[in-house]
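Oh and the sequence shown: position 212 is 196 in the working numbering, straight run, nothing missing.
Built from N, CA and C at the ideal position, the CB exists for glycine as well.
Scroll down for the structure; my scribbles are underneath it.
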Amino acid sequence: MRFHVLTLFPDMIINGMNTSITGRAMERGLIGLDAVDIRDYADNKHMRVDDYPYGGGAGMVMQAEPVYRAFEAVKTRISRPVRVVYLTPQGRVFNQELAEELAREEELVFLCGHYEGIDERVLEEIVTDPVSIGDYVLTGGELPAMVMMDAISRLVPGVLNNEESAVGESFQGNLLEYPQYSRPAVWREKEVPEVLLSGHHANVERWRREQSVLRTAMWRPDLLKKAALTPKEQEMINMVNK
Ligand code: SAM
């Protein structure tokens, strides 16, 4: 997987991605990162890339031409048609399903806005996927791009080792993950559920599935509507909801 990020703050992207699991994946060549400074494609000697909005109003707007030129430069390094994600609070809300879909691509372009956003004309020209990371407004698209790249990277084969496996995590099958415990077995008089100490694999799996269903019913009932539950599990939820 190779990420190309069009941004006014490439250092933010490089420093963020160079850390922890994504940093290790880059060192091992499983993930590539091409952080492109849109300012390098300014068409004036002051390197300005923003201007006042037509029609008036607060703030500045990123101009179309530098963004387009930065994208054209990136395109010369990509051999096939590529999905271009524009980070925007107006886009489709990012979730695990979209992370899985995007993780199947070989290359992705992320376009980060700043100020009041980007001139609509260049967005119409180059963007394939407007994506939001949630219903709130941030100052720029860099953190959202890093959120997306992190979620996508951990689905790329080899990025997580066995101990960090993405298997069975929250949102798979529209359920939240079961609660996790580690040593010590008793912490401030609170005990780890006995079944987890039993060494009985089938019972542990049964308990975990039940906890997943109960936790999802309690914290994210909206997800549960799409989960495949057995009649027994459905009955358990009905009892809890009574
Ligand atoms: N004026 C825009 C609006 O009301 O839709 C918001 C612009 S915001 C201050 C600046 C930039 O931050 C956006 O162009 C976008 O790239 C990024 N951004 C802000 N909130 C975001 C979110 N929830 N998801 C993804 N990107 C976001």
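Give the DSSP-derived three-state secondary structure of residue 163 in the structure shown. For the purposes of this step, residue 163 is identified with residue 179 of the sequence shown, where counting begins at 1. Of the three classes helix, strand and coil, the one that applies to residue 163 here is coil, per DSSP.
Confirm, please, whether the CB-CB distance from residue -6 to residue 21 is below 8 Å. Sequence index remark: in the sequence shown, residue 21 carries index 37 (1-based). Sequence index remark: in the sequence shown, residue -6 carries index 10 (1-based). Yes; because the gap between Cβ atoms is below 8 Å, this pair is in contact.
Tell me which residues share the same chain as residue 203 and place their Cβ nearer than 8 Å to its Cβ, disregarding the 5 neighbours each side in the sequence. The residue given as residue 203 occupies position 219 in the sequence shown. Cβ neighbours of residue 203 within its own chain (closer than 8 Å, five residues either side excluded): 160.
Work out the CA separation of residue 187 and residue 81 for me, nearest whole Å. Against the sequence shown, residue 81 aligns to sequence position 97. Against the sequence shown, residue 187 aligns to sequence position 203. Roughly 29 Å separates the two Cα atoms.
Closer than 6 Å by C-beta to residue 144: which residues in its own chain qualify, once you throw out the five before and the five after it? Chain order, please. Numbered from 1 along the sequence shown, position 160 holds the residue referred to as residue 144. Within the same chain, and ignoring the five residues on either side of residue 144 in sequence, the residues whose Cβ sits closer than 6 Å to its Cβ are 138, 150.
Taking the alpha carbon of residue 199 as the point to measure from, which residue in 78, 23, 225 has its own alpha carbon closest? Working through the sequence shown from its first residue, we reach residue 199 at position 215. Of 78, 23, 225, the smallest CA-CA separation from residue 199 is found for 225.
Starting from residue 0, trace the alpha helix (DSSP H) in both directions and tell me its first and last residue. As a first step, residue 0 must be located in the sequence shown, where it is residue number 16. Looking at the DSSP string, the run of the alpha helix (DSSP H) that includes residue 0 is -6 to 1.
Going by DSSP, what residue range makes up the alpha helix (DSSP H) through residue 127? Start at 1 with the first residue of the sequence shown, and residue 127 comes out as number 143. Counting along the chain, residue 127 sits inside the alpha helix (DSSP H) bounded by residues 126 to 137.
Integer Cβ distance of residue 45 from residue 99, believed to fall under 8 Å: Counting from one through the sequence shown, the residue named residue 45 turns up at place 61. Counting from one through the sequence shown, the residue named residue 99 turns up at place 115. Contact holds; Cβ gap of about 6 Å.
Just verifying my parser: in three-state terms, what is the DSSP assignment at residue 75? As a working note, residue 75 is residue 91 in the sequence shown. Residue state, collapsed to three classes: strand.
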